[in-house]
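Worksheet: one structure, shown below.
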Amino acid sequence: MLAILSFLGGGYVSFGYIAYLKVVSGIPPEWGGLANLLGAAVFPICLICILIGGGELATGNMMLMALGKFSKKVSLPKLVRNWVIVSLGNLVGAVTMAFFLGHYVGLAEGVSAAKTIAIAEAKVHMDFGRAFISAIACNWMVCMGIWFYFGAKQTSGRILAMWFPVMTFVLIGLQHFVANMFIIPAGIWAGANVTWGQFFFNMILVFLGNVTGGAAFVGASYLFAYKHLLKDDYSI
-12 MLAILSFLGG GYVSFGYIAY LKVVSGIPPE WGGLANLLGA AVFPICLICI LIGGGELATG
48 NMMLMALGKF SKKVSLPKLV RNWVIVSLGN LVGAVTMAFF LGHYVGLAEG VSAAKTIAIA
108 EAKVHMDFGR AFISAIACNW MVCMGIWFYF GAKQTSGRIL AMWFPVMTFV LIGLQHFVAN
168 MFIIPAGIWA GANVTWGQFF FNMILVFLGN VTGGAAFVGA SYLFAYKHLL KDDYSI
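Position 225 (the sequence shown) corresponds to 212 in my numbering; numbering is contiguous.
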């Protein structure tokens, strides 16, 4: 079940990225930042599908499983198993979407090709330090959206709460582990000057940054800040 939901999670992120590409590619360049704003506004559909419809997302689990580990409710082997299975499932789902919808159907090519290629090349050509910091900031925002989701009670409130943090990371152009699983392969098939070796190196680098952003900047930070509200035997 975890593998299936992970595949779906990778697929949903891909739908969000395809929607982004269709929006920004259809807007005249002279509109400037408005194109990215409108494109970023449609991307959060992916997290809505995952959290409300059902799916597993590696970047969200980086925070959630870390919370379990910090509170001694999840063992390290279970954490590693979850991260590995979900990451691989997301990868298969995203790459499948990149090939069949992005390349075969052509949704990431044609009028969208220039944007697809530009994003893919920018992701892999960013140097180590900047990519790592970008990945930290990215999952900080993503996990804040998930944190807000669990704080809301109604479906409409949950959608609104998660929308803006996710929209923000897309608007800024930060490095997201699962989103890169779609856009970089899509860029390769569209003709980007990117190798598969560069793609997998980017995966490792962004994974580490996203883990830091989700587990430390959100999970550990809020657990430490609010530990006085928990049981006396709580420790971190």
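The beta carbon of each residue, even a glycine, is placed where N, CA and C say it ideally should be.
query: Below 8 Å, can you find three or more Cβ-Cβ pairs linking the stretch -10 to -2 to the stretch 35 to 43?
result: Inter-segment contact for the stretch -10 to -2 and the stretch 35 to 43 is present: three or more beta-carbon pairs are separated by less than 8 Å.
field: Per-residue burial, Leu21 [other beta carbons within 10 Å of its own, 16 or more giving buried]
entry: exposed
- request: From the DSSP output, in three-state form, read off Leu195 for me.
  value: helix
query: If you count every other CB in all the chains shown that lies within 10 Å of the CB of Ile159, and 16 or more means buried, which is it?
result: exposed
query: Between Gly178 and the rest of its own chain, which residues show a CB-CB distance below 8 Å, the 5 nearest in sequence each way excluded?
result: Contacts found: Ala100, Ile104.
- request: Scan the stretch 119 to 179 and note each continuous alpha helix (DSSP H) run of 4 residues or more that stays entirely inside, going in chain order.
  value: 142 to 159, 164 to 177
message: My output table needs one value for Met293: the three-state DSSP class, helix, strand or coil.
response: A query on residue 293 cannot be resolved here, the shown segment of the chain reaching from -12 to 223 and no further.
- prompt: When the distance is taken between beta carbons, is Ala148 closer than 8 Å to Phe156?
  reply: no
message: Using only CA atoms, which one of Gly(-3), Gly200, Tyr4 lies nearest to Gly132?
response: Gly200
query: On the three-state DSSP scale, how would you describe Leu44?
result: coil
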